[in-house]
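Residue numbers (this note's numbering): 4 to 304.
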């Protein structure tokens, strides 16, 4: 998307409070004309919201009120609630987990969008962890349609080879010692953004478990998978070594109250050479993958 195209959209960097009051950095994208839909775009693990900026702008031009945001410890949400915008130099001592991201951050984002655009159907785009988290939300019944992109139950043995072995080594023999030593997982080790210690440790535990988050002992929020009754489409990108078809099917099996539709997309389908785990969000796909996604989100029923 060109700068001129983004100029057709009203863009505002804001903050909103998580369930516990923590200030989350966010960006609101609004159409210049009438708003017809609302969409919440939820990030992958260790991925800042700026990755989704062009998609959000595209959807806004089609009449969506779109919100992107960073989970606590990531991007503009790295600062503590009482520190305003004084970004700490490291995440040492920063308390957060993936369950916190779902229960405190994403839950609040759904509520924030629902309160402000209560007259519009609320849709949901979840990338990787952002898609996994839909099933954990106590208020996922507020979502009418959910598009999951490369969202999977990320057990390492369900990843494609040789990536599965790289991930196993990265998490267990590099990430775990580094996290114990430094007090957080540094992004330069190969995961993307720096991760809070609790997030990395929980993520590693899930990746090493045969049923991923479904094997987390005492995770009461798993019951919320059964509450989601909206439309659900999950995109499997055929060249993504992380979110393989079996991993996506395992995640979708948790949604008992709806019938997930799983679509496999190849690079040829998008007239490109590669898509992978992050490539769906490149603006070169606005006339192919994005258009199809937007049309599905806009659908009735």
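Built from N, CA and C at the ideal position, the CB exists for glycine as well.
Where residue i sits in the DSSP three-state scheme
i, result
"residue 83", "Any answer about residue 83 is weak, because its pLDDT of 47 lies below 50 and its placement is not dependable; what the coordinates show is given next. Note: residue 83 maps to coil in three-state DSSP."
"residue 114", "helix"
"residue 148", "strand"
"residue 278", "coil"
"residue 260", "coil"
"residue 234", "strand"
"residue 94", "coil"
"residue 247", "coil"
"residue 188", "strand"
"residue 74", "coil"
"residue 199", "strand"
"residue 271", "helix"
"residue 222", "coil"
"residue 253", "helix"
For residue j and residue i, believed in contact at Cβ under 8 Å, the rounded distance
i, j, result
"residue 16", "residue 51", "Not really, about 13 Å apart at Cβ, beyond 8 Å."
"residue 117", "residue 145", "5 Å"
"residue 105", "residue 68", "Incorrect: roughly 22 Å between the Cβ atoms, too far for contact."
"residue 137", "residue 149", "6 Å"
"residue 121", "residue 46", "That pair is no contact at about 24 Å."
"residue 235", "residue 264", "7 Å"
"residue 99", "residue 65", "Not quite, the Cβ-Cβ distance comes to about 34 Å (not below 8 Å), so this is no contact."
"residue 249", "residue 166", "Going by Cβ atoms, the distance from residue 249 to residue 166 rounds to 14 Å, so no, they are not a contact pair."
"residue 270", "residue 242", "6 Å"
"residue 19", "residue 115", "5 Å"
Per-residue burial, residue i [other beta carbons within 10 Å of its own, 16 or more giving buried]
i, result
"residue 157", "buried"
"residue 25", "buried"
"residue 191", "exposed"
"residue 183", "exposed"
"residue 23", "exposed"
"residue 283", "buried"
"residue 339", "With the chain represented from 4 up to 304, any question about residue 339 goes unanswered, as that position is not in the structure."
"residue 266", "exposed"
"residue 302", "exposed"
"residue 12", "buried"
"residue 93", "exposed"
"residue 85", "In this prediction, residue 85 has a pLDDT of 39, which is less than 50 and means its spatial position is unreliable; what the coordinates show is noted afterwards. Label assigned to residue 85: exposed."
"residue 199", "buried"
"residue 163", "exposed"
"residue 39", "exposed"
"residue 293", "buried"
"residue 160", "exposed"
"residue 35", "exposed"
"residue 133", "buried"
"residue 59", "buried"
"residue 262", "exposed"
"residue 53", "exposed"
Proximity test, residue i beta-carbon vs the ligand COA heavy atom, cut-off 7 Å
i, result
"residue 94", "What this structure holds is no ligand at all, so the ligand COA is not there to describe."
Minimum Cβ-Cβ distance from residue i to chain D less than 8 Å
i, result
"residue 39", "This model lacks chain D altogether; it includes just one protein chain."
**Asked** Quick one: complete beta strand (DSSP E) runs, 3+ long, within the stretch 8-68?
**Response** 12-20, 26-34, 40-45
**Cβ contact (3+ pairs, closer than 8 Å) linking the stretch 118-126 and the stretch 262-282** = no
**Message:** I'd like the ranges of any alpha helix (DSSP H) spanning at least 4 consecutive residues and lying wholly in the stretch 114-183.
**Reply:** 132-135, 166-172
**Request:** For the stretch 203-212 and the stretch 146-164, state whether three or more C-beta atom pairs, one from each stretch, are separated by less than 8 Å.
**Result:** yes
**Prompt:** Pairing CB atoms from the stretch 213-230 with CB atoms from the stretch 173-180, are three or more of them under 8 Å?
**Reply:** no
**Message:** Between the stretch 162-170 and the stretch 254-264, can you find at least three pairs of beta-carbon atoms closer than 8 Å?
**Reply:** no
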